[in-house]
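Worksheet for the structure shown next.
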Amino acid sequence: MKLRHFMFAATLSLLTFAACGELSDPVNPDDLPEVYTVKLDCGGELDINQVPLTRFTPDNNDLYGINVYYMPVSGGTYKHYAYGLFDDLSNATIDLIADYKFKFEVDLIDDGKSKVYSDGIQIEEVNYTGYGHPFQAYNNYDGTKSLTITKISNAFTYSEDCYFYDLGRRFQIPGSTSSYWEPEGVETYYGVAEVVPTADGETVSVFLKRMVYGIKVVAGDFLTEGTVKVSFASGNSSPSFTLSPDNKVVENIYTTLSRPSWYEKEELEDAYSYRYMNFSWTKDDGTVLKLKEQTVKVNRLKQTIINLTFYEDATIDGAKLAVQYEDQVFVEEGQEIYSFGDDQSEYEW
1 MKLRHFMFAA TLSLLTFAAC GELSDPVNPD DLPEVYTVKL DCGGELDINQ
51 VPLTRFTPDN NDLYGINVYY MPVSGGTYKH YAYGLFDDLS NATIDLIADY
101 KFKFEVDLID DGKSKVYSDG IQIEEVNYTG YGHPFQAYNN YDGTKSLTIT
151 KISNAFTYSE DCYFYDLGRR FQIPGSTSSY WEPEGVETYY GVAEVVPTAD
201 GETVSVFLKR MVYGIKVVAG DFLTEGTVKV SFASGNSSPS FTLSPDNKVV
251 ENIYTTLSRP SWYEKEELED AYSYRYMNFS WTKDDGTVLK LKEQTVKVNR
301 LKQTIINLTF YEDATIDGAK LAVQYEDQVF VEEGQEIYSF GDDQSEYEW
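For the sequence shown, the residue numbers in our numbering are 1 to 349.
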């Protein structure tokens with residue numbers, strides 16, 4: 001029975017490899033390797049709850065993109081082995097070859113079916129729904145190895161030539177034909193695991209980390225009229241939002257495009273990057289006051305608080321501005337706090 005199982009698993013692998021480019025090393029019809037069928041399981045930070053971040057509840061609207069790599073246990077470099085787009089991992093299994101080391105890379109988008117760009121795609125005259133970055137892949141659909149959106153398979157395709165391109169480093173929102181820059185309100189989880197299979201029925205556990213950060217902007221008492229526009233200063237589709245006298249506080253979460261590099265950091269303090277932000281106040285009479293571009297630090301699972309002030313007690317080149325200095329505030333644990341607008345050098349005129 002065991003021999004028959006391994007023969008079947010290896011033959012299945014051969015058929016699937018051929019559909020997307022053959023794997024050269026482990027597959028030999030005259031000398032079938034031992035193959036272990038293992039189950040995939042994702043855990044980690046899926047059940048954490050940190051304000052202002054919400055609890056993750058898995059369902060079939062989520063999307064899991066998985067790249068699998070392999071190399072001989074004797075050494076070498078990783079090559080692509082398999083990939084797949086899933087909306088359900090409850091029955092996810094994969095055949096792994098003995099004497100090889102495997103690496104699993106998982107990128108999970110909470111509610112991905114509504115948060116990720118999608119479009120119709122026809123494969124061998126059958127219509128499917130395909131998803132864009134981070135799930136663009138060299139799919140070899142209809143025998144064409146081009147970068148395309150990917151359909152949900154809930155199974156692995158074995159190939160060295162077909163794989164997700166830049167998994168964990170890009171994002172494409174609905175309606176956008178290009179990659180988006182750190183989208184607002186999108187929850188992502190990312191993880192990597194390396195294993196050497198030793199038996200049938202093992203479980204490969206991938207620890208997923210939550211790859212979001214928070215930004216909270218608080219407008220001061222100055223905002224009694226008009227609106228303040230807050231925007232990120234990078235990318236063609238930079239996120240932006242507006243503050244008003246009736247809505248002086250805005251807090252959002254953003255997914256990072258640095259998921260692989262942030263994952264490698266064990267401490268939250270080390271998983272950070274810098275964002276460039278612009279602030280402009282348009283008053284009711286049309287007067288526009290702007291601050292110079294500001295740099296803020298963001299950390300994984302932390303909220304960056306920005307206290308915003310515009311002053312108008314003095315006139316500089318026709319724009320009424322003023323400068324007020326205050327003592328440095330203590331930074332609470334888990335937060336970065338900035339105050340913008342209380343220094344003359346921060347204004348544009």
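Just so you know, even glycine gets a beta-carbon here, dropped at the ideal spot from N, CA and C.
Residue range of the unbroken beta strand (DSSP E) whose run includes residue i
i	result
R210	T203 to R210
S74	Neither: S74 is in no beta strand (DSSP E) and is coded neither H nor E.
G112	It is not in any beta strand (DSSP E) - G112 instead sits in the alpha helix (DSSP H) that spans G112 to K115.
A193	T188 to V195
F164	Neither: F164 is in no beta strand (DSSP E) and is coded neither H nor E.
D119	S118 to I123
E105	Y100 to I109
R170	First-last for R170: undefined, no H or E at that position.
L96	T93 to I97
G220	Here G220 belongs to no beta strand (DSSP E), and DSSP marks it neither H nor E.
F377	Outside the shown range of the chain, which is 1 to 349, sits residue 377, and nothing can be said about it.
K290	V288 to L291
G354	There is no way to answer for residue 354, as the model of the chain reaches only from 1 to 349.
S231	T227 to F232
L89	Looking at the DSSP string, L89 is not in any beta strand (DSSP E), and its letter there is neither H nor E.
L268	It is not in any beta strand (DSSP E) - L268 carries neither H nor E in the DSSP assignment.
K297	Q294 to N299
F241	S240 to L243
T144	T144 -> no beta strand (DSSP E), and no H or E assigned at all.
N- and C-terminal bounds of the alpha helix (DSSP H) containing residue i
i	result
S261	R259 to Y263
S178	Element bounds for S178: n/a, residue is neither H nor E.
K248	K248 -> no alpha helix (DSSP H), and no H or E assigned at all.
Counted within 10 angstroms of its Cβ, other Cβ atoms place residue i as buried (16 or more) or exposed
i	result
D30	Low confidence applies to D30: its pLDDT is 42, below 50, so where it sits in the model is not reliable enough to give any reading.
V217	buried
S74	exposed
V196	exposed
V116	buried
L147	exposed
K79	exposed
K302	buried
P239	buried
D246	exposed
Between the CA atoms of residue j and residue i - distance to the nearest angstrom
i	j	result
D285	Y274	34 Å
D95	G132	27 Å
S244	Q294	20 Å
I316	F241	Here the model assigns I316 a pLDDT of 37, short of 50, so the residue's position is not dependable, and the following value carries that caveat. The straight-line gap from Cα to Cα measures roughly 27 Å.
K290	P183	24 Å
K297	Y138	35 Å
K113	T177	16 Å
E225	K283	6 Å
N140	A155	16 Å
T287	F222	14 Å
K248	F232	18 Å
V206	F279	40 Å
E125	F86	22 Å
G120	S90	26 Å
D142	G65	21 Å
S261	E202	28 Å
N259	E267	Checking the sequence shown, residue 259 turns out to be Arg, not Asn. Whole-angstrom Cα-Cα distance: 14 Å.
I149	P58	23 Å
Y70	F164	15 Å
A438	L63	Lying before the first or after the last residue shown, residue 438 is absent from the chain, which here runs from 1 to 349.
D111	Y311	42 Å
V250	W181	19 Å
Integer-rounded CB distance, given that residue j should sit under 8 Å from residue i
i	j	result
N299	A271	6 Å
A82	S153	With 8 Å as the limit, A82 and S153 do not qualify as a contact, their Cβ atoms being about 11 Å apart.
Y213	Y254	6 Å
A193	F135	In fact, because the Cβ distance is near 20 Å, the residues do not count as touching under 8 Å.
I215	I306	7 Å
K151	I123	7 Å
V228	W281	5 Å
T309	G220	4 Å
Own chain residues within Cβ distance below 6 Å of residue i, not counting five before or after
i	result
Y263	Y190 and K209
Q118	A quick correction: the sequence has Ser, not Gln, at residue 118. Around S118: T129 and Y131.
V186	K115 and T255
S179	H133, R170 and Q172
E269	none
T188	I109, M211 and T255
V230	V217, F241 and F279
T304	I215, V296, V298 and E336
Close beta carbons around residue i, own chain, < 7 Å, minus the five adjacent residues each side
i	result
D88	N60 and N154
L167	G65, N67, E105, D107 and P134
I265	Just to set this straight, residue 265 is Lys in the shown sequence, not Ile. The answer, listed in chain order, is A271.
8 Å CB neighbourhood of residue i in its chain, flanking five on each side removed
i	result
P72	D25, D99, Y100 and K101
G175	Y117
N351	Absent from the model: residue 351. The displayed extent of the chain is 1 to 349, so no value can be given.
CB contact check: residue i to chain B, cutoff 7 Å
i	result
T177	Note that chain B does not occur in the displayed structure, where there is just one protein chain.
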